[in-house]
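>
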Amino acid sequence: MNIFYGKSSTGSLAEALNGLTAPKLIILLSCEEKFEVNVETLEKLYPGIPSIGCTLMSYGSEIVENGASVIAFTGGVSIATGVLEKTKTAPARFIKRLIDDVEALSPGNDDTALVNFCTGGDKKMLNTISYEVESKGIHSIGAGTNGAMVSANGIIYEQATVYAVIKNLSGKIKSYSESSDVAETEQVSQIMEKIHLEFPSFPSVLAINNFSRYQTFKENGELDSYLKKLEMLGDLCGIVGYGVHFKDKYLKGAMSCIVFE
Numbered sequence: 095m096n097i098f099y100g101k102s103s104t105g106s107l108a109e110a111l112n113g114l115t116a117p118k119l120i121i122l123l124s125c126e127e128k129f130e131v132n133v134e135t136l137e138k139l140y141p142g143i144p145s146i147g148c149t150l151m152s153y154g155s156e157i158v159e160n161g162a163s164v165i166a167f168t169g170g171v172s173i174a175t176g177v178l179e180k181t182k183t184a185p186a187r188f189i190k191r192l193i194d195d196v197e198a199l200s201p202g203n204d205d206t207a208l209v210n211f212c213t214g215g216d217k218k219m220l221n222t223i224s225y226e227v228e229s230k231g232i233h234s235i236g237a238g239t240n241g242a243m244v245s246a247n248g249i250i251y252e253q254a255t256v257y258a259v260i261k262n263l264s265g266k267i268k269s270y271s272e273s274s275d276v277a278e279t280e281q282v283s284q285i286m287e288k289i290h291l292e293f294p295s296f297p298s299v300l301a302i303n304n305f306s307r308y309q310t311f312k313e314n315g316e317l318d319s320y321l322k323k324l325e326m327l328g329d330l331c332g333i334v335g336y337g338v339h340f341k342d343k344y345l346k347g348a349m350s351c352i353v354f355e
């Protein structure tokens, strides 16, 4: 499997999609003012292709602060996407959707991941999905959003969590997060060391950084060097979230990532 990352600083979806062929999953990150039209356009261009989306920023070698970007999975993956509605009040009413999607993919040992975006009620949502995720050995990361809208398969939802279940058919998957009691530079170095040991060849990496970390690095003039260091992990693309999800935990000032062989 491979990860594609495309971006547009102006919010042009066509520019962000340039070069993408045969996607199995598309994750859309768009500025809020163009989110609805970009969701609609994406579904017209790739009908039937599983997708999720939100209004968060993304990054590769640089941050896309107010534009549009696409993270797509191609090659040997099986995908299921869905939504848990009423996340703040009653996400358990919709948990069977996730249970059915996970069952359809038949997760094996270290080969399946869950990526989610939540508009609010993160802790309640994480508690709701925790048993399904942990009992099946699924590596789970996600982010709180900065807006009320998320999307799944071309439909926009409010007060909801959208998710993608990703099964790697050609290798293993592992997840990592930082320790809140370790200095930031040490945290990155420790994660890099673990990843290089477990994935000696150049892997694909999907990372989620908390907004407060992004803001700190930017204010200190360290953002570019930080992103360059992260790129050494592998074929990297990332998302800036308002709160980071790792397994059943809701973290602030942290980073989580999933690594695909």
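First residue of the sequence shown? That's 95 in this note's numbering, and the numbers climb one at a time after it. Quick reminder that beta carbons are idealized off the backbone N, C-alpha and C, glycines included. Keep in mind it's a predicted model, so treat the numbers as computed, not measured.
1) Which same chain residues end up closer than 6 Å to F305 when comparing Cβ atoms and leaving out the 5 residues on each side of it in sequence?
2) According to DSSP, simplified to helix, strand and coil, what is M151?
3) Taking 8 Å as the CB-CB limit, is S295 close to chain D?
4) Could you tell me whether the segment 303-320 touches the segment 178-197, where touching means 3 or more Cβ pairs closer than 8 Å?
5) Is G105 buried or exposed, if buried means 16 or more other CB atoms sit within 10 Å of its CB?
6) Mind checking whether L208 and V227 have CB atoms under 8 Å apart?
7) Between the beta-carbon of I173 and the beta-carbon of D329, is there less than 8 Å?
8) Mind checking who P117 pairs with in its DSSP beta bridge?
9) Could you give the distance in angstroms between the alpha-carbon of D204 and the alpha-carbon of E159?
10) Verify whether the separation of the beta carbon atoms of L345 and V299 is less than 8 Å.
11) Along the chain, which unbroken stretches of the alpha helix (DSSP H) at least 4 residues long are found entirely within the segment 249-336?
12) Contact check, S102 vs A162 under 8 Å by CB: the rounded distance?
13) Is the distance from the Cβ of G215 to the Cβ of T239 below 8 Å?
14) For M349, which beta-bridge partners are listed by DSSP?
15) Can you tell which of C351, F293 and S155 has the C-alpha that lies nearest to the C-alpha of K322?
16) Assuming the contact rule is C-beta atoms closer than 8 Å, E179 and Y251 should be a hit. Round their C-beta distance to whole Å, please.
17) Kindly indicate which residue of G202, K341, V171 and H290 has the alpha-carbon position closest to the one of L324.
18) If I'm right that T149 touches G241 with Cβ under 8 Å, what's the distance once you round it to whole angstroms?
19) Give a single yes or no on whether L220 has its beta carbon closer than 7 Å to a heavy atom of the ligand MG.
20) Using the beta-carbon count (16 or more within 10 Å), is K261 buried or exposed?
21) Between which residues of its own chain and C125 is the CB-CB distance below 8 Å, once the five residues before and five after are set aside?
22) By the DSSP assignment, the beta strand (DSSP E) with I232 in it spans what residues?
23) Which residue wins for smallest C-alpha separation from P297, given the options E272, A246, C331 and R307?
24) Using DSSP with H/G/I as helix, E/B as strand and the rest coil, what is M219?
25) Could you spell out the range, first to last residue, of the beta strand (DSSP E) harbouring A246?
Taking the coordinates as given:
1) Excluding residues within five positions, the ones whose Cβ falls inside 6 Å are V334 and Y336.
2) When DSSP states are grouped into helix, strand and coil, M151 belongs to the strand group.
3) The chain labelled as chain D is not found in the depicted structure, where only one protein chain is given.
4) Output reads no: the segment 178-197 does not touch the segment 303-320.
5) With 16 or more Cβ atoms within 10 Å of its Cβ, G105 is classed as buried.
6) Annotated as proximal: L208 and V227, with beta-carbon spacing under 8 Å.
7) At a Cβ-Cβ threshold of 8 Å, I173 and D329 do not count as neighbours.
8) Bridge partners of P117: T168.
9) Rounded to the nearest angstrom, the two C-alpha atoms are 33 Å apart.
10) Not a contact, by the Cβ cut-off of 8 Å.
11) The DSSP assignment places 278-292, 305-313 and 317-325 as complete runs of the alpha helix (DSSP H) inside the segment 249-336, in order along the chain (cut-off: 4 residues).
12) Yes, S102 and A162 are in contact; Cβ-Cβ is about 5 Å, under 8 Å.
13) Between G215 and T239, the C-beta gap is not smaller than 8 Å, which leaves the two residues out of contact.
14) Bridge partners of M349: N303.
15) With distances taken between CA atoms, K322 lies nearest to S155 out of C351, F293 and S155.
16) That belief holds up - the Cβ atoms of E179 and Y251 are roughly 6 Å apart, short of 8 Å.
17) Considering only alpha carbons, the answer is H290.
18) In this structure T149 touches G241 by the C-beta definition: roughly 4 Å separates them, less than 8 Å.
19) Here there are no bound small molecules, and the ligand MG is not part of this structure.
20) By the beta-carbon neighbour count (other beta carbons within 10 angstroms, threshold 16), K261 is buried.
21) Around C125, the same chain offers G105, T149, N160, G161 and A162 as residues with beta carbons nearer than 8 Å, after the five sequence neighbours per side are excluded.
22) Note, I232: premise wrong, no beta strand (DSSP E); not H, not E.
23) For P297, the closest C-alpha among the options E272, A246, C331 and R307 is that of C331.
24) Helix.
25) Under the DSSP assignment, A246 falls in the beta strand (DSSP E) whose first and last residues are M243 to A246.
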